[in-house]
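Heads up: the sequence shown begins at 967 in our numbering, then just goes up one per residue.
Note that beta-carbon positions come from the ideal geometry of N, C-alpha and C, so glycine has one too.
The next block holds one structure in the form of structure tokens; read it before the comments.
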Amino acid sequence: MIGRIYEYAPYTTSYARGENVMQVLGFLLCVIWGFNFVVMKWGNGAFAPVEFASLRFLVGTAVLLVILLWRRTPLPRRGDIKWFVLCGLLQTTYFNIAIQISLNHISAGLTSVLTYSMPLFLSLMAHFWIPGERLGLRRGSGIVIGLCGLFLAMGIGGSGGSIWAVLLGLSSAVAWALSNLIIKNKLANCDKTQFTAWQMGIGTLGLGAYSALLEPHHPHWSGASILYLLFAGIVASALAFLLWTNILARTEASKASVMLLLVPIFGVLSGWVFLHEQLHVNTLAGILLVLAGIFIVNRPLPFARRIAAAGGEK
């Protein structure tokens, strides 16, 4: 037994170190996307909502394409293109349009909770369609606790709008979860920068078409509005989605996705700091529940299970 432990010691150390790095990157991602709620609110004062989203992702796509050209990355494999298109339409086009329409009919707090219920849907999908990612009692309870904390933090008592808007907001989470399932199942070995650039570019075309046909256009260009676009496009789109794709590819779906419950929490905290929005006791209590849920899902494995996991990697 001792010899077996020594044999796997390097692998268990590498396994733990890799998980720690992914958790730090996940935390950074949540901070970026949380603060981007503030940036989007500022940006929506200068652009129509979907117009701002399309411009944001256009900037992000341009940055990623420059990186691909600099790296001389070849064109995608023919078999991957259909998945790039599907993910772009689900994750970028539909996801953002559903959020913007929902925001016009229900509260921003409820919309964010519905959108970030995605970890529940992805974990359920992973349970059935990703080998080795069955959803046990511990992870399932952690996700439910985190979602309850999210509802509490947002202070939601009712939909404040039509049921169809609630279902539309919920469908954005389902669309995002489906895209993430495709990434895990079909695109695990593709170039992540290439995938992010292509899906984002394809999704941007859909957003641009929607905005051109259905939104009024009276943009207010200024130094501030350009800064909003640059942050949202380069940091919150190109960098953040590249981070997310890599985290998802290297981490179990339930662990990766449950970290995203922190995004609306950081959005609330950013609104309190930068927009002087009120911060209530129920919000702080909800934050503690979200953190508890994340801890339960990401709690370190017992040593024996780490050896088994490392042995599987070996």
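Backbone secondary structure at residue 1136 - three-state DSSP: helix
Sufficient close CB pairs (3 or more, under 8 angstroms) joining the region 1179-1199 to the region 1223-1241: no
Sub-9 angstroms separation of residue 1170 and residue 988 beta-carbons: no
Cβ contact (3+ pairs, closer than 8 angstroms) linking the region 1090-1108 and the region 1038-1046: no
Extent of the continuous alpha helix (DSSP H) to which residue 1285 belongs: For residue 1285 there is no data in the structure shown, the boundaries of the chain being 967 and 1280.
Pairwise C-alpha distance: residue 1128 and residue 1071: 7 angstroms
Backbone secondary structure at residue 1216 - three-state DSSP: helix
C-alpha gap between residue 1131 and residue 1144, whole angstroms: 20 angstroms
Continuous alpha helix (DSSP H) stretch holding residue 1176: start and end: 1158-1180
Euclidean distance between Cα positions of residue 1016 and residue 1064: 10 angstroms
CA nearest to the CA of residue 1066, picked from 994, 1019, 1087 and 1027: 1019
Residue 1011 - DSSP class collapsed to helix/strand/coil: coil
Any 3 or more C-beta pairs closer than 8 angstroms across the region 1219-1227 and the region 1087-1107: yes
Beta-carbon proximity of residue 1256 to residue 1112, cut-off 9 angstroms: yes
Per-residue DSSP class, three states only, for residue 1128: coil
Residues near residue 1081 by beta carbon distance below 7 angstroms, same chain, minus five either side: 1065, 1135, 1138 and 1139
CA-to-CA distance, residue 1116 to residue 1099, given in whole angstroms: 24 angstroms
Check whether residue 1096 and residue 1219 have beta carbons under 9 angstroms apart: yes
Burial state of residue 986 (16 or more Cβ within 10 Å): exposed
Beta-carbon proximity check, residue 1194 vs residue 1008, cutoff 9 angstroms: yes
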